[in-house]
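S.K.:
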Amino acid sequence: MELEQLEQLEQLEQLEQLEQLELELKQLDQLKQLEQLEQLEQLEQLEQLELQLELQLELELMPELQLEVMLVVMLELRLKLELEPKLKLELQ
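For the sequence shown, position 9 matches number 296 in the numbering used here, and the numbering has no gaps at all.
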């Protein structure tokens, strides 16, 4: 009887150890999931920051681009005004 009780006690201890290991494994899995979630959130924040920076850059460059377009239009007008009379003269 004593041997049987000892075996039962050992089995119970093994079972408790197994349950403890399972609990630790679950905790590790949860921790891993949490880390992955944090990494995903960081990645999303980085992507959002990148988009904000792109927009800011576009907004900063927009006036320069507008100025360049205006200059091109002015040059076209000037050329047209200068060349049109000459072309008319040549055609006559």
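The beta carbon of each residue, even a glycine, is placed where N, CA and C say it ideally should be.
Taking just the CA atoms, how far does Q307 sit from Q292?
M.R.: If I take the Cα positions, the gap works out to 22 Å.
S.K.: Ignore the nearest five residues each way along the sequence and tell me which others in Q323's own chain have a CB closer than 7 Å to its CB.
M.R.: none
S.K.: Can you list, in chain order, the residues of its chain whose CB lies under 6 Å from that of E325, leaving out five sequence neighbours each side?
M.R.: none
S.K.: My parser needs the beta strand (DSSP E) runs of 3 or more residues fully inside the segment 300-367; what are they?
M.R.: none
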